[in-house]
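Everything on this sheet refers to the single structure shown next.
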Amino acid sequence: MKIGLFIPCYMNELYPDVCFDTLKILESLGFDVTYPLSQTCCGQPMANSGCASDVASLAHRFVEIFKEYDYIVAPSASCVAMVREHYESFFKSDDRDFHKVRDSIFEITEFLHDIVKLNTLNLSFPFRVGVHNSCHGHRMLRLASSSELQIPHFSKIKNILNLIDDINLVQLQRDDECCGFGGTFSVTEPEISAAMGNARILDHLGANAEIITGVDMSCLMHMQGLIDKNNQPIKVMHIVQILAKGFA
Amino acid sequence: MITHSQAAKQFLKDQKKALWHDRALWYVRQKRDAQSKTIPEWEQLRQKASQIKAHTMQNLAHYLEMFEKNALENGITVHWAKDGDEHNKIVHQILTQNDAKKVVKSKSMLTEECGLNPYLEQRDIEVTDTDLGERIIQLRGETPSHIVLPAIHLKKEDVSDTFHTHLGSQKSNNDPHYLTQIAREHLRQKFLQADAAITGVNFAIAQSGTIVVCTNEGNADMGVSLAKVHIASMGIEKIIPRVKDLGVFTRLLARSATGQAITTYTSHFSGPRPKAQMHIVIVDNQRSSFLASEDYRQSLHCIRCGACMNTCPVYRRSGGHSYSYVIAGPIGSVLGAFRDPKEHSSLPFACTLCGSCSDVCPVKIDLDKQLYKERQDIVQKGYSVKKKRLFKVVAWVMRYPFLFDMLGKVSRFVIPKLPQSILYNSKNNWGKYRKMPTMPKESFKERYQKEKNVK
Chain C
1 MKIGLFIPCY MNELYPDVCF DTLKILESLG FDVTYPLSQT CCGQPMANSG
51 CASDVASLAH RFVEIFKEYD YIVAPSASCV AMVREHYESF FKSDDRDFHK
101 VRDSIFEITE FLHDIVKLNT LNLSFPFRVG VHNSCHGHRM LRLASSSELQ
151 IPHFSKIKNI LNLIDDINLV QLQRDDECCG FGGTFSVTEP EISAAMGNAR
201 ILDHLGANAE IITGVDMSCL MHMQGLIDKN NQPIKVMHIV QILAKGFA
Chain S
1 MITHSQAAKQ FLKDQKKALW HDRALWYVRQ KRDAQSKTIP EWEQLRQKAS
51 QIKAHTMQNL AHYLEMFEKN ALENGITVHW AKDGDEHNKI VHQILTQNDA
101 KKVVKSKSML TEECGLNPYL EQRDIEVTDT DLGERIIQLR GETPSHIVLP
151 AIHLKKEDVS DTFHTHLGSQ KSNNDPHYLT QIAREHLRQK FLQADAAITG
201 VNFAIAQSGT IVVCTNEGNA DMGVSLAKVH IASMGIEKII PRVKDLGVFT
251 RLLARSATGQ AITTYTSHFS GPRPKAQMHI VIVDNQRSSF LASEDYRQSL
301 HCIRCGACMN TCPVYRRSGG HSYSYVIAGP IGSVLGAFRD PKEHSSLPFA
351 CTLCGSCSDV CPVKIDLDKQ LYKERQDIVQ KGYSVKKKRL FKVVAWVMRY
401 PFLFDMLGKV SRFVIPKLPQ SILYNSKNNW GKYRKMPTMP KESFKERYQK
451 EKNVK
C-alpha cells in the first residue's frame, strides 16, 4: 500500500525528529511510504487569516501532488482538517482527484486507530501523561467525543496510548479546552493566547503530569514556549515521539 | 477604534479578576453540562430545534402574517419597524399617547441593539431596567457584558459600591442578601410608579398569536401586571410555528443558559388585561439581510441563551466589554461583523476556531464556520489590509518549493545567531510571553533527502 507522507511546513523546518518518528512508524508497519519533495504548505495559516482566496492554487498543488497515493498521512490534525473541511470550496463538486484526496487523508493517530486498527504495542512508557486534545483534531476530525456533546465517550488518542501497558494518563479538570495557539491568533492576541496556554499547562501540572502529549505540534510548540519562559517542570511530546519507541 | 486584542489586554491586567471571570463562567458551563446530561435525547432535541428554526426561516413571511392575524384577534396591537430608529419612534409614540413618563423594562437585547434607553431618556421618559443585573449596569452607565448575565464582569464589592452611591445602601456591606434586599425595595417603588412596561420576547407563537417571556426574577410579570400599557419588542426571528414547538426550546433554553431545568418564570402573554393595552413591535433591523444570506442565515436561529459565551475560552478571559458589538462572544462576533464588517473587523479574529461554541449551541448554529467565513469577507472587503498583503506573499512563496526551502534554511541559520535583545524585541508578539522554539540545523526534507538518497 502506497502512503504519501504529508509533513506540515512548519514541522518540516522546526521538528524534523517528529517527522522522522512518523515516517518510522509507518515504515515499520510495512507501508511503502514516500515523502513527495515538492510539497510545501496546505494553506491553513492563510485561510484561517481570511485569505482563502490566495490558497486555491496551493490546494490544487496539494491535490496534484498527493492524488496518486492510497493514503495520505500527516502528524498534524489541524492540517488534515484544512484539507478535509476547507478545501471543498476550491474545487468543482465533481472533482474526482479532490474527493480521492479528501477521503484518503488521515492524521497519524486516526490512521493507526481506524485503518491499521493497531491493537498491540511493545513499549514501556512509565510516565504520567496529560493528553492535550487539540481543537481541530477534537471537533473537526472528531478524534474524541467533545465534552459539549451528550454522546458516548470515546477517544482514539487515548485508545492508542492505552496500548502502552505502563503509561499513566492523568485526568484533567478541563479535558478539551483550547490552548490558545490558534495560528496567527497567537501573535495578534498574544495576551489572551498566553493566558489560555498557561491555564492549560497549570491544569496538566495540577494533575501531576510529567508530559503533555497531543496530535498537533503547533499547540505543543506554543505551550513549550510558555513552559520554557516560566521554567515549569513539564515538557511536551508529540504523540509519535512516544509511540515511535515501540516500532522497530 | 479599539480592537478586541487591545481591550482584552486591558481586561487581563487585573489578573485575579480575570481568573475569577473565567472560573465563574466555566462553572455555568459545567452546570449546563450536568443539566444536559439529564436529557437522554439531548442531541436529538438540538437537531429538532435546528430543524424547526430552519423551517420557520424558510417560511418566515407566512408565519409572521399568521402571528399578526392571531395576535390582532387576541386584542394585541401589532406594529412593524424596519429598523431600530423606527422601533424607538413607535415605542415613544405609544408612550406619548398614553401620557407615560415612567417605564419599567425587563431584559431585552433587542432594545439594547436599537438604543431604546437613551432615545427615551432624551425625550424625558424615565426608563428603569428591572432585571437585577441590568439595573446594576444601568446605574453604573455601562452596557451588558453578557446577554444572560449582564453584570458578570462585576463582583459583589462593585455592586455594593454602586448601590451605596446610587441607592444609599451601607458602605462596604457586601452581603449578597442585603444587597438583593436593597434592590428589591428600590425596584418595588419603580414597579408601583410605572406607567408602562416594556419586555422582550423569547418566543412568539404564530399559531396562537401569543408571546412567551422567560425570566428568573419575575420582573417582566411584575411590570406587565401593574402597568396599564405593555409593549413587547421582538425581532422577526423570534417566531416559532406551533404551541407544541415551544417545549423543544424551553427544554433547551434554561439548561443551556444557566444550567437550570427551566427558568423560574415562563410567562405566556396572550392579550391585554381588561382596561389595559398590549402592543407588540416586530423589528427587522437588518435581520432580512441575514435571512437573504445563505452563509449567515443560521445565525437567526439563536435563542440568546449565552452558552457560546460561557464556553468560549476567549470570551471567558477577555470579558464581554472587549467586544465592540452590543452582543459579545461568538454569536455577537458573527452578528456584529455581518452588520458592520469595518467597525467590527477584529471580532471574527478574536477566536481560535476551537469550535466549542458550535458544539454547545442548543440550536446547532455552525458558529465557528461562520466566523471563518467572516474572516474571508473582511479581508476581501479590504478591512484587514496588512493580513492580505502578508499572506498574499506567503501563499506565493509556497507555490515554489525552492523558495520555501531557502527561506526555511536562512531562518534556521540566522535566528539562533541573533542576540536575545533583537530576537525578543517589542515587536515580537510570540516572544512577549514565550520562548522561541529551538531551530534544528537541518529540515526534515534535507535529512530525508540525505538518508534516502533522493533528490
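In order, the protein sequence lines correspond to chains C and S.
Numbering of the first sequence is given in this note's numbering, commencing with residue 1 and proceeding in unit increments.
Numbering of the second sequence is given in this note's numbering, commencing with residue 1 and proceeding in unit increments.
We put the CB at the ideal spot given by N, CA and C, even for glycine.
| Check | Outcome |
| --- | --- |
| Of all Cβ atoms in chain S, is any one closer than 8 Å to the Cβ of I115(C)? | no |
| Is the stretch 72-81 of chain S touching the stretch 392-405 of chain S in the sense that three or more CB pairs, one from each, lie closer than 8 Å? | no |
| Could you pull the start and end residues of the beta strand (DSSP E) that T162(S) belongs to? | T162(S) -> not in any beta strand (DSSP E); alpha helix (DSSP H) instead, spanning 156-167. |
| Are the stretch 34-41 of chain S and the stretch 218-229 of chain S touching, with three or more C-beta to C-beta distances below 8 Å? | no |
| Residues in the stretch 19-35 of chain C with C-beta within 8 Å of chain S's C-beta atoms, listed in sequence order? | C19, F20, L23, Y35 |
| L163(C) to L220(C), Cα distance in whole Å? | 22 Å |
| Pick out whichever of N70(S), Y448(S), Y63(S), C357(S) has its Cα sitting closest to the Cα of S208(S). | N70(S) |
| Comparing the C-beta of N133(C) with each C-beta of chain S, is any distance below 8 Å? | no |
| In this structure, does DSSP put N133(C) in helix, strand or coil? | coil |
| Please list the partners that F404(S) has in chain C, where partner means a Cβ-to-Cβ separation under 8 Å. | C9, T40, C41 |
| Can you tell me whether A195(C) is helix, strand or coil according to DSSP? | helix |
| Tell me, please, which residues DSSP counts as bridged to K2(C). | D32(C) |
| Say whether the stretch 154-173 of chain C touches the stretch 336-352 of chain S, bearing in mind that this needs 3 or more beta-carbon pairs closer than 8 Å, one atom from each stretch. | no |
| At which residues does the beta strand (DSSP E) containing W80(S) begin and terminate? | 77-81 |
| Closer than 8 Å, CB to CB, is T188(C) near chain S or not? | yes |
| Return the CA-CA distance between S106(S) and T128(S), expressed in angstroms with no decimal places. | 9 Å |
| Would DSSP call N168(C) helix, strand or coil? | strand |
| Anyone know if the C-beta pair for K53(S) and D284(S) falls short of 8 Å? | no |
| At a CB-CB cut-off below 8 Å, which residues of chain C make contact with K275(S)? | What K275(S) touches in chain C: nothing, since even the nearest Cβ is about 48 Å away. |
| Thinking C-beta only, is Y372(S) closer than 8 Å to L390(S)? | no |
| Quick one: list the residues of chain S neighbouring M46(C), beta-carbon separation under 7 Å, in chain order. | F391, V394, A395 |
| Classify K24(C) as helix, strand or coil using the three-state DSSP reduction. | helix |
| Verify whether the separation of the beta carbon atoms of I240(S) and T250(S) is less than 8 Å. | no |
| What are the residues of the stretch 134-160 of chain C that lie near chain S, defined by any Cβ-Cβ distance shorter than 7 Å? | C135, R139, M140, S146, S147, E148, L149, Q150, I151 |
| Anything in chain C within Cβ reach of Y448(S), meaning under 7 Å, just list it in chain order. | Y35 |
| Taking just the CA atoms, how far does V80(C) sit from S358(S)? | 20 Å |
| Measuring CB to CB, does F6(C) end up less than 8 Å from A74(C)? | yes |
| Mind checking whether S134(C) and V215(C) have CB atoms under 8 Å apart? | yes |
| Compile a chain-ordered list of the residues in the stretch 230-245 of chain C whose CB is closer than 7 Å to at least one CB of chain S. | none |
| Taking Cβ to Cβ, would you say V33(C) is nearer than 8 Å to L26(C)? | yes |
| Could you tell me the alpha carbon to alpha carbon distance between E107(C) and D14(S), rounded to whole angstroms? | 40 Å |
| For the alpha helix (DSSP H) containing G408(S), name the first residue and the last one. | 401-414 |
| Please report the residue range of the alpha helix (DSSP H) in which T111(S) lies. | 109-114 |
| For a quick check, are the C-beta atoms of L335(S) and Y325(S) less than 8 Å apart? | yes |
| Going by the C-beta, is K381(S) closer than 7 Å to any heavy atom of the ligand GTP? | No copy of the ligand GTP appears in this structure; indeed no ligand is present at all. |
| Which residues of chain S have a Cβ atom closer than 9 Å to the Cβ of F185(C), listed in chain order? | V314, F349, A350, C351, T352, L353 |
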